[in-house]
Amino acid sequence: MKYSVRSYFGILLALTFALSSCKKDEITARDISVLNYNIAGLPQVLSSSNPELYTSHISRLLNEYCIVHVQEDFCYHDSLLLFDNHPYRTESTGCVPDGDGVNTLSCFPISNVERFAWEDCTGPDCLTPKGFYYSQIEVLPGKTIDFYNVHCNAGGSAESLAARRGNIKQVCNHIAQHSEGQAIIIMGDFNSRYTRDGDSVQAFFNFGLKDLWVELVRNGDVPDLNPEPLKDCDSRTSASCERVDKIFYRSSDDILITPTLFQVDDERFYYEGNDTLPLSDHWPMFANFTVELK
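First residue of the sequence shown? That's 326 in my numbering, and the numbers climb one at a time after it.
Spelled out as structure tokens, the structure:
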């Protein structure tokens, strides 16, 4: 039987696709790097940073991380994407007052994105649909992890604390209803401290979630309530330096998530190397995980 050149090419292409598909399906574990970062992207006149200048500099740094969660990505989203090469991104909801400011950039496919405004808020936090969003990211072929990006109500008044407890409860309710049996990674700005009476971020522990800082830096020791917050931050990544930004994780019956790195701040996230000019009013938070099928 004779084959044309076109036939041979078709057979070769089919074999190549079959082999590549087979190789892809054989991936059962990989390491992923993540960045959690409140980028202070309120309008320049309202921001406590300098987003008109700094956001494009942040953009240059994002490609080093596989999954990036940002908060306060309000008014300079185009600048954030200027040098970014992530193939998958959530769509911005816009500047204030319409946007919620939470977005994700990912090297893996993102699906089933749902955004939720807080049911409870106080003061300026009620001026935008601030809240959280849920998505699924395919970190292994055919296997997804539920990701949550959270930005809680700010403030230390009794009313602000009550609203923030409501925020945490709202996320917990979503976990109970939509993430049962799923592997989970939650990142965000929770405006919460374990030491502060009235905060309730510990509620995530009831769902089998672990705080990466608590596990890797404090060896599983959750800080006690204390009128003095843990702000001894000469070393950013230390047991005595609690941040309101946090990362939680949970394995599932079929996906094992093992944290291998936790780090707060990096000299690259300063304007022109000047340690008095951070690119945001929050320090960046980094983590590495090994994700593997059980």
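Even for Gly, the Cβ is constructed at its ideal location relative to N, Cα and C.
Burial state of N531 is exposed, judged by a 10 Å Cβ sphere holding fewer than 16 other Cβ atoms. Distance check between F587 and each of G419, M610, D606 places M610 closest, using alpha-carbon atoms only. Within its own chain, the residues whose Cβ lies closer than 6 Å to the Cβ of I509, once the five positions on either side in sequence are excluded, are D471, R575, listed in chain order. Of the candidates A354, S436, L367, L367 places its Cα closest to the Cα of L405.
In the structure shown, the three-state DSSP call for C477 is coil.
Proximity to T429 across H411, A528, F515 peaks at H411, based on C-alpha coordinates. N531: not part of any alpha helix (DSSP H); DSSP gives it neither H nor E. K494 carries a helical assignment under DSSP once its states are collapsed to helix, strand and coil. Between S374 and N599, the alpha-carbon positions lie close to 14 Å from each other. Less than 8 Å separates the beta-carbon of R489 from that of S517. Using a Cβ distance threshold of 8 Å, I493 and V526 count as a contacting pair.
DSSP, reduced to helix, strand and coil, places E444 outside both helices and strands of the structure shown, so it counts as coil. Judged by DSSP secondary structure, L602 falls outside any beta strand (DSSP E); it is assigned neither H nor E. Rounded to whole angstroms, D522 and L550 show a C-alpha spacing of 6 Å.
Each of E592, A612, N613 was checked against the Cα of P603, and the nearest Cα belongs to E592.
The way I'd put it, the region 472-480 does touch the region 435-454; three or more beta-carbon pairs between them come closer than 8 Å. Counting of Cβ neighbours within 10 angstroms places L618 among the exposed residues, the total staying below 16.
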